[in-house]
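Asks:
In this note's numbering, the protein residues as written are 831 to 1328.
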C-alpha cells in the first residue's frame, strides 16, 4: 500500500516529483495531494530519482482525481526524459531533465488528486529504492516535491509519512520542500491598482488573468492588450493579487503592441515588481524590452544576472546601471523603476523606493515604433525571466518628476512602494525540535513586530496565535509548535511599530 501525504499549494505551474522507495522495477508509487483556492495548469515537470541505476531509464507520471480516498479518473500524464546513465549514491537525488507538458494538465481548485509514478520499461535494473529511515523501521516509499513560484505557498502534512533525514520538511519530516517561500498575504491589489491608475499610465499589466488565459489585459483602461503570450502561466500569488510566472525552459514572454517611442525626445518611466529564485545564480533576464521597427529596439529594463546582480538598462547598446548598488536576494519581491529625462539625457534607477543613482547618455535613446515585450529579449529568443512579474506600468512622463520642473519633490516613486506587507516576509524556516515539536524560525528587522499563527483550515480559519508577539531586533527568532499528528497551516504576520 502506498505511503500518503496531503499537499496544499496555491496555484503553480511546475511540479517536481521525487520517486523513491523499495520495490521492483514494475512497482507503482502513489501519493495524494490537494490543490489550494485557485485552479491551475501544470505545464512543466521535473523528476528526481534515488538510485535508479539503469541507463536511459524513464518514468511515467499520471495525475488522477481522488474518488473516495483512492485514485480515480485519469486526467493527464507525462513521461520523463531519459535519466543520465550510471548509478548514484542512495542518498543523492538525481534530476531527470525537465519536460514541458503541452497544453498542460488542468487542476481544479480545492480538489484532491493523486500522483501515480512507475517505470515505463521493465528492466532488471532501474528500480528505484531508498534505504530505510534512520528514525523509523518503515521504508519511505514515495516523496513528492512541489515547486511553487516565489510568493506562492504550500504546506505538507505528516499523514502517513515516514521520516527520512535527506527529505525533510514540516509536519513529520517526510518530504523535501524545494523553493519554499511561505504563504503570502497578497491582499491590497485593488487599492494598489487604484493608486497606479490615478497616475495615468500609458499601459498597465496587473496579470490578474485566470490560469488558463492566453491574453494579458491592459488594466489602465486603454487598448494595449497583449498580442501574443508564450509559455507564461497566470494566477500565481503576486506582489498584489495575482502575477505571471515566466520560465526560460518554456521560452516565456508576453508581446505587447507599441506603447511609446523611447527616442522621441520625451520623458518616460517604467515600473515593475519582480521576484526570482535565480537572482543570484541566473543569467541576464529582460523584464521589459522593445522590438525593432523603424529603428533599433532595446532591453529597456533588465536584471544583470549572476556576478553583477543589479537592475539596469541596455539603452544605446551599452549596459546602464545606477551609481549605487544593492544586495539582491533570491525569492524576494523587488519594486523597480526606471525614468528618463530628455533634458539631460539621464536614466534614473529606483529599487524599493530608494534611488540608486543615474546613468547619463550622450543623446536620446534609439528611436523605434516596435511593439514591447515583457519577460524576454526583443527577439523572444533569449534572456528569459525565470520567476514572477507583476504590476508592470509604462508612463509617458517621469514618475519621479510628474510635473517636469526638474524637482523631484513631487515624485510618485515612493508612493508606489508602500510599507511592505506580508507578501514581503521571509519564509518560515522549518526544522525538527525534539521528537514531538517543530521550530519555525525567521529573521526580524527593527521597526516591526512579528506574530506566528496557525489554523487547521485555510478556508474557514480561525487563525490562532502561536507564542508571544516578537519585537524585531535584527536577529533570528523561533517559535516552537507541537507535532500533534494533525494537518496545520502556519503564517507569519509583520506589523510596523507605530
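We treat Cβ as the ideally placed atom computed from N, Cα and C, and that holds for glycine.
Using only CA atoms, which one of 943, 1268 and 1323 lies nearest to residue 895?
Replies: Along the chain shown, one-based indexing puts residue 895 at 65. Answer by Cα proximity: 943.
Asks: Curious, which full-length alpha helix (DSSP H) runs of at least 4 residues does the segment 1068–1133 contain?
Replies: none
Asks: Would DSSP call residue 895 helix, strand or coil?
Replies: Here residue 895 corresponds to residue number 65 of the chain shown, with the count starting at 1. Correct three-state label for residue 895: strand.
Asks: Any contact of the segment 1074–1087 with the segment 1186–1200, i.e. 3+ C-beta pairs under 8 Å?
Replies: no
Asks: Do you know offhand how far residue 1208's Cα is from residue 1129's?
Replies: Translated into positions along the chain shown, residue 1208 becomes position 378. Translated into positions along the chain shown, residue 1129 becomes position 299. Distance between the alpha carbons of residue 1208 and residue 1129 is about 7 Å.
Asks: Report the option in 940, 871 and 897 whose CA atom is closest to the CA atom of residue 907.
Replies: On the chain shown, residue 907 is found 77 positions in, with the first residue counted as 1. Of the listed residues, the one whose Cα sits closest to residue 907 is 871.
Asks: Which same chain residues, not among the five before or five after residue 1241, have their C-beta less than 6 Å away from its C-beta?
Replies: Your numbering for residue 1241 matches position 411 in the chain shown. Counting only Cβ-Cβ distances below 6 Å, and skipping sequence neighbours, we find 1230.
Asks: Near residue 1159, what residues of its chain come up, given a Cβ to Cβ distance below 8 Å and the 5 sequence neighbours on each side ignored?
Replies: What you label residue 1159 is simply residue 329 of the chain shown in a count that begins at 1. Once the five neighbours on either side are set aside, the close Cβ partners of residue 1159 are 1109 and 1110.
Asks: If I measure Cβ to Cβ from residue 1312 and keep anything under 7 Å in the same chain, skipping five residues before and after, which residues do I get?
Replies: Here residue 1312 corresponds to residue number 482 of the chain shown, with the count starting at 1. Contacts found: 1266 and 1267.
Asks: Pull up the DSSP beta-bridge partners for residue 1300, would you.
Replies: The sequence position of residue 1300 within the chain shown is 470, counting from 1. Residue 1300 pairs with 1280.
Asks: Give the DSSP-derived three-state secondary structure of residue 1022 in the structure shown.
Replies: Here residue 1022 refers to the residue found at position 192 of the chain shown. The answer is helix: DSSP assigns residue 1022 an H, G or I state.
Asks: Where does residue 1165 sit, in a helix, a strand or coil, going by DSSP?
Replies: Translated into positions along the chain shown, residue 1165 becomes position 335. Looking at residue 1165 - three-state DSSP - the assignment turns out to be strand.
Asks: Going straight from the alpha carbon of residue 1273 to that of residue 1124, what length do you get?
Replies: By 1-based counting over the chain shown, the position of residue 1273 is 443. By 1-based counting over the chain shown, the position of residue 1124 is 294. Taking the straight line joining both Cα atoms gives about 51 Å.
Asks: Examine the Cβ distances between the segment 1217–1237 and the segment 1103–1122 and report whether three or more of them are shorter than 8 Å.
Replies: yes
Asks: Compare the C-alpha of residue 1299 against each of 1283, 1293, 1292 and 1305 and name the closest.
Replies: Here residue 1299 corresponds to residue number 469 of the chain shown, with the count starting at 1. Among 1283, 1293, 1292 and 1305, the Cα nearest to that of residue 1299 belongs to 1283.
Asks: To the nearest angstrom, how far is the alpha carbon of residue 1134 from that of residue 1140?
Replies: What you label residue 1134 is simply residue 304 of the chain shown in a count that begins at 1. What you label residue 1140 is simply residue 310 of the chain shown in a count that begins at 1. Residue 1134 and residue 1140 have their C-alpha atoms spaced approximately 5 Å apart.
Asks: Nearest to residue 1202 by CA position, among 1259, 1059, 1309 and 1044, is which residue?
Replies: Within the chain shown, residue 1202 is the residue found at index 372, counting from 1. The residue among 1259, 1059, 1309 and 1044 with its C-alpha nearest the C-alpha of residue 1202 is 1059.
Asks: May I ask you to report which of helix, strand or coil DSSP gives residue 841?
Replies: The residue labelled residue 841 in the question sits at position 11 within the chain shown. Low per-residue confidence applies at residue 841: pLDDT is 31, beneath 50, and the placement is therefore not dependable enough to give any value.
Asks: Is the separation between the beta-carbon of residue 1169 and that of residue 1116 shorter than 9 Å?
Replies: Stepping through the chain shown from its first residue, residue 1169 is reached at position 339. Stepping through the chain shown from its first residue, residue 1116 is reached at position 286. No, the pair does not count as a contact, with Cβ atoms beyond the cut-off.
Asks: CA-CA distance, residue 1073 and residue 1026?
Replies: For the purposes of this step, residue 1073 is identified with residue 243 of the chain shown, where counting begins at 1. For the purposes of this step, residue 1026 is identified with residue 196 of the chain shown, where counting begins at 1. If you take the alpha carbons of residue 1073 and residue 1026, they lie about 16 Å apart.
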